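All residue numbers for the sequence shown refer to the working numbering, where the first residue is 2 and numbers rise by one. Below is one structure, written out as structure tokens; comments come after it.
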Amino acid sequence: LHKDELRGEPYFYLQKGSFPNHSITDLKIIYTQEEKDQVREQVVADNRCPEILLKNVQVVCGLRGKSPSDDDSEYLSDESFRLSGSKIGAIRMRMYAQQKVEAQKQLEDPNCDKVVLRLDIECRLANREMEKQ
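Listed below in structure tokens is the structure:
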């Protein structure tokens, strides 16, 4: 477990095995104007920033080999960060207790083939040095 310094809440990272008895087989991160604005603010503040933190992003986790149906949404991809002059090196999604409860509620449906959550997402940018803690 990790602890969010601002919220003071513990969290863990979403992984393939985060939902017991369900494996995540597909993952889509919705990339709206709100997320673009968050990226722009962080890159403008420091164009060499090694990591971008996106707050309250909608994530769709496909289960049971099903891919969430495509709609007209734009999804987070390497191209999303061309403004920063970098590509995504790694993505980690923070899951707090509240999101875990929300996921469990959705998984109570025996026909559940996707879980939709709002998560905070850490995007490490490629070829950037992480600051030494």
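A virtual CB, placed ideally from N, CA and C, is assigned to each residue, including glycine. From a predicted model like this one, the values you see are computed outputs, not experimental measurements.
Residue range of the beta strand (DSSP E) that includes residue 104: As a first step, residue 104 must be located in the sequence shown, where it is residue number 103. Element bounds for residue 104: not the beta strand (DSSP E) but the alpha helix (DSSP H), 98-108.
Stretch-stretch touch, CB-based, cutoff 8 Å, three pairs: the segment 2-18 with the segment 31-50: no
Range covered by the beta strand (DSSP E) that runs through residue 121: For the purposes of this step, residue 121 is taken as residue 120 along the sequence shown, with counting starting at 1. First-last of the beta strand (DSSP E) with residue 121: 115-126.
Exposure of residue 84, with buried meaning 16 or more beta-carbon neighbours within 10 Å: Taking the first residue of the sequence shown as position 1, residue 84 is located at position 83. Residue 84 should be labelled exposed.
Contact check, residue 50 vs residue 126, beta carbons under 9 Å: Counting from one through the sequence shown, the residue named residue 50 turns up at place 49. Counting from one through the sequence shown, the residue named residue 126 turns up at place 125. In this structure, residue 126 lies closer than 9 Å to residue 50 by Cβ.
Residue 99 classed as buried or exposed, judged by whether at least 16 other C-beta atoms fall within 10 angstroms: For the purposes of this step, residue 99 is taken as residue 98 along the sequence shown, with counting starting at 1. By the 10 Å Cβ count, residue 99 comes out exposed.
Contact check, residue 36 vs residue 87, beta carbons under 9 Å: Taking the sequence shown and counting its residues from 1, one reaches residue 36 at position 35. Taking the sequence shown and counting its residues from 1, one reaches residue 87 at position 86. For residue 36 and residue 87, no; Cβs fall outside 9 Å.
Cβ pair residue 91, residue 113 closer than 9 Å: Mapped onto the sequence shown, residue 91 falls at position 90. Mapped onto the sequence shown, residue 113 falls at position 112. Contact flag unset, no.
Reduced DSSP secondary structure (H/G/I, E/B, other) of residue 4: Here residue 4 refers to the residue found at position 3 when the sequence shown is read from its first residue. Residue 4: strand per DSSP, three-state reduction.
Rounded C-alpha distance that separates residue 46 from residue 12: Here the question's residue 46 lines up with position 45 in the sequence shown. Here the question's residue 12 lines up with position 11 in the sequence shown. Going by the C-alpha atoms only, they are around 26 Å apart.
Own chain, CB closer than 6 Å to residue 133, minus 5 neighbours either side, in chain order: Translated into positions along the sequence shown, residue 133 becomes position 132. At residue 133 the pLDDT is 49, less than 50, meaning the model places this residue with poor confidence and gives no usable figure here.
Endpoints, alpha helix (DSSP H) assigned at residue 16: Counting from one through the sequence shown, the residue named residue 16 turns up at place 15. Counting along the chain, residue 16 falls outside any alpha helix (DSSP H), and DSSP gives it neither H nor E.
Beta-carbon proximity of residue 77 to residue 23, cut-off 9 Å: Residue numbering aside, residue 77 sits at position 76 when the sequence shown is read from its first letter. Residue numbering aside, residue 23 sits at position 22 when the sequence shown is read from its first letter. In this structure, residue 23 does not lie closer than 9 Å to residue 77 by Cβ.
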